[in-house]
Amino acid sequence: MPVATTLNSSLRASASSKMDKEKVEDRKRPAGANDDGAPPRKSWPLMAASPRTTMTVNPKKSGSSDISRSPYLTGVTFEDSTDFQKHLDEKAKGLKSKAEALLNHLAASRGSTVPNLSVLEERIGKLLASQKDYFVKAEKKLDRVKSAQVQELEKKALANDTKQSSPTSEAKPASESNGVSPEVLQKYEEELAVVARQKEQIQSVLDEIKALQEENSTLKARRETLTDEDYIRTDVFKLFKTKTEELIKQVNHLEATNTQLKEDIEKLSAERTNFKRQVEVDSQALTQELDTDLLARDHDIARLRSARDELLADNTMRRASQEQHQTALEHIKELVSSKDDRIAALESEINRLRPTSDEEMADPDAELDGLERDALVTKHRKLQQDYQAVSNELPAMEKAYRKAMALSHKKVMDFEALENRVGILTAEKSKADQKYFAARKDADTKMSEIRTLRVQCGKSTEIIAQLKDVEAQNRILLGNLEKQVSDLRQANMTLASENKRLEATSTEASRKVEAYKKEVSDLSGLVKSKDATVAAMRERNITLEAETDRLKIRVETLQKDKDGWKVKAESNSSDVEKGLRTLMICSICNENFKNTALKTCGHLFCNKCVENRISNRMRKCPNCSRAFDKMDVMAVHH
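Residue 170 in the UniProt record's numbering sits at position 170 of the sequence shown, with consecutive numbering throughout.
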């Protein structure tokens with residue numbers, strides 16, 4: 001964008017002019033003056049002064065190899081030139097973007113927003129101060145380069161250069177003066193032509209902006225001095241008028257609806273009272289019938305419950321007696337079985353103990369033939385005693401048997417009587433069950449009738465409650481309608497009073513309009529003067545950017561001078577200079593200055609190499625192989 005570049009060039013030109021003044025002031029100071037704001041001057045320490053330092057310098061080999069490996073760069077003079085150029089480019093981009101944003105904003109608003117001049121001036125002042133600070137630091141670095149020691153080295157280099165290349169110096173064109181070549185002058189003239197062209201473009205843009213601001217001011221004045229006819233022609237007034245007419249129609253319609261609703265409410269209230277009376281009479285009659293029926297059903301239920309309880313008690317008693325008879329029958333069965341077993345045992349014993357005299361011995365014992373008479377007599381006596389004992393036992397056993405038979409016969413007869421009684425009780429129980437089930441069925445029918453009656457009664461009560469709710473809602477609706485009518489009347493009265501007040505306000509406003517017209521004319525003149533001030537400020541901003549461009553060109557010139565001195569220093573370095581360079585440059589990387597010392601041995605290296613060795617855990621001095629730690633590192637200020 002040409003406008004933005006012109007603003008940047010004007011700012012650079014202003015900054016360059018201020019920097020020229022500061023250069024002159026700094027150069028007037030003595031070389032030995034102490035400046036607290038400037039960075040400290042680097043001293044040239046010699047490692048040979050330290051008792052623990054062992055450094056061997058071979059100017060023919062090491063110096064030439066160092067120079068061949070890397071150009072002669074110093075951290076003070078040439079190391080941050082690229083950073084400085086990047087910084088200038090970043091600042092130029094920032095200024096361009098800000099100028100473009102400002103102009104785009106002004107073009108979009110067309111003068112509707114009044115810029116805050118104080119903020120813009122403060123921002124420009126901050127930018128100029130930052131540029132000034134950076135340029136001052138650069139000048140101080142240049143002054144350091146032009147110190148006494150560096151000047152001596154440069155003189156020696158120039159002397160050697162004049163001795164070795166005197167014909168080349170004579171062949172230089174006479175057009176170069178003070179380090180400025182014709183190419184630079186030609187480029188400078190081209191830049192001046194471009195700047196002139198950009199100034200013309202900026203002037204045309206400023207004229208256009210001024211015309212737009214005047215147009216904006218006239219439109220603002222016209223907007224603030226609107227008449228009643230203009231207001232009547234507006235869409236807002238027409239919309240407000242239509243809304244007012246619609247509201248009046250709605251009010252009239254609501255009044256007619258209100259009267260109709262009142263009549264309907266009166267009719268509904270009369271019908272409701274008649275219906276309420278009829279419902280109350282019907283509900284009372286139905287309630288009385290239900291009460292009488294419920295009393296009869298309650299008596300029937302009490303009678304059925306008493307009969308049920310009697311039957312249950314009788315049934316329980318019969319069950320208990322039946323269980324007793326069942327246990328007795330089981331005892332009889334056990335007794336009969338034991339009797340049969342006993343009879344069988346006794347019969348077998350009788351058969352054993354009572355052999356008939358008529359019968360012969362079926363199996364004569366062969367041992368009896370071989371016994372003697374005395375043995376036979378003793379055996380006979382023993383058998384006689386056994387027979388006598390058995391004969392004595394038989395009457396008692398017969399008596400017990402007869403007694404057991406009589407008892408068992410009696411038990412059998414009792415059991416038969418109990419069975420007959422159980423049959424009779426079973427028949428009676430079946431009859432009682434039939435009666436109970438019939439009574440239960442009758443009670444269930446009565447209970448179902450009671451439930452239906454209760455449901456009907458609940459429905460009637462619900463209908464009555466619903467009617468009461470409808471009545472309450474109608475009352476609430478009636479109250480709301482009455483409130484709405486009163487509110488509408490109050491609103492109508494308020495609108496009438498508001499209309500009167502607006503008429504009075506309108507007359508007063510028409511009076512104030514005349515006074516405001518005069519004030520608007522005065523303000524329009526003030527706005528034009530402010531627009532002229534803003535235009536002047538814009539021109540001033542453009543001038544400052546042009547000054548900034550000039551400063552940038554001057555910095556480029558200084559860069560070229562620096563490169564020339566660098567080439568001279570590289571081509572005409574002496575042995576002393578090579579030795580000094582070997583002492584000052586790190587022996588590990590051969591690029592950076594020695595700015596870090598090891599406390600253990602006193603050797604000097606650059607900070608980057610020391611940090612790399614610590615991070616890679618190579619914590620031994622490269623010169624003397626003495627171990628060191630992170631706490632043994634100390635910064636050295638030259």
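Note that CB positions come from ideal geometry on N, CA and C, so glycine has one too.
Which first and last residues belong to the alpha helix (DSSP H) in which residue i is found?
i, result
"V610", "607 to 615"
Give every residue of the same chain whose Cβ lies closer than 7 Å to the Cβ of residue i, excluding the five residues on either side of it in the sequence, and list them in chain order.
i, result
"D340", "none"
"H87", "Y134"
"R619", "R613, A627, F628, D629"
"Q288", "none"
"I588", "F605, C609, P622"
"S625", "none"
Give the range of the beta strand (DSSP E) segment to which residue i is assigned.
i, result
"M634", "633 to 635"
"T600", "Where T600 is concerned, there is no enclosing beta strand (DSSP E), given that its DSSP letter is neither H nor E."
Label residue i either buried or exposed according to how many other C-beta atoms from any shown protein chain fall within 10 Å of its C-beta, with 16 as the threshold for buried.
i, result
"Q284", "exposed"
"D207", "exposed"
"F275", "exposed"
"K594", "buried"
"Q388", "exposed"
"N623", "buried"
"I424", "exposed"
"K172", "Confidence at K172 is low in this model, with a pLDDT of 43, below 50, so the placement of that residue is unreliable and no value is reported for it."
"K403", "exposed"
"H603", "buried"
"K382", "exposed"
"A313", "exposed"
"A92", "buried"
"V99", "Checking the sequence shown, residue 99 turns out to be Ala, not Val. It counts as buried."
"K578", "buried"
"D83", "exposed"
"R277", "exposed"
"I232", "exposed"
"D374", "exposed"
"A345", "exposed"
"R538", "buried"
"V470", "exposed"
Cβ of residue i within 7 Å of Cβ of residue j?
i, j, result
"L294", "A443", "no"
"C601", "C621", "yes"
"V236", "L488", "no"
"A627", "T596", "no"
"K459", "R297", "no"
"L598", "D632", "yes"
"L311", "A432", "yes"
"S524", "A221", "yes"
"N216", "V485", "no"
"V527", "T225", "no"
"L481", "L290", "no"
"H299", "L418", "no"
"I542", "I202", "yes"
"K199", "A535", "no"
"I332", "K429", "no"
"Q131", "D531", "no"
"I265", "L502", "no"
"V336", "S408", "yes"
Grab me the residues of residue i's own chain with a C-beta within less than 8 Å of its C-beta, minus the 5 sequence neighbours each way, in chain order.
i, result
"S510", "D228"
"N592", "G75, I585, C586, C606, N607, K608, C609"
"K21", "Low per-residue confidence applies at K21: pLDDT is 44, beneath 50, and the placement is therefore not dependable, though the value from the model is reported in the following sentence. Once the five neighbours on either side are set aside, K21 has no close Cβ partner at all."
"S269", "N474"
"Q322", "V422, L425"
"N315", "K429, A432"
Answer yes or no: does any C-beta atom of chain B fall closer than 7 Å to that of residue i?
i, result
"I464", "Although the question refers to chain B, the structure presented lacks it and comprises just one protein chain."
Identify, in the order they occur along the chain, each residue of the same chain with its Cβ nearer than 6 Å to the Cβ of residue i, setting aside the five sequence neighbours on each side.
i, result
"K267", "none"
"I450", "R297"
- Item | beta strand (DSSP E) runs contained entirely in the stretch 289 to 358, provided each spans 3 or more residues | none
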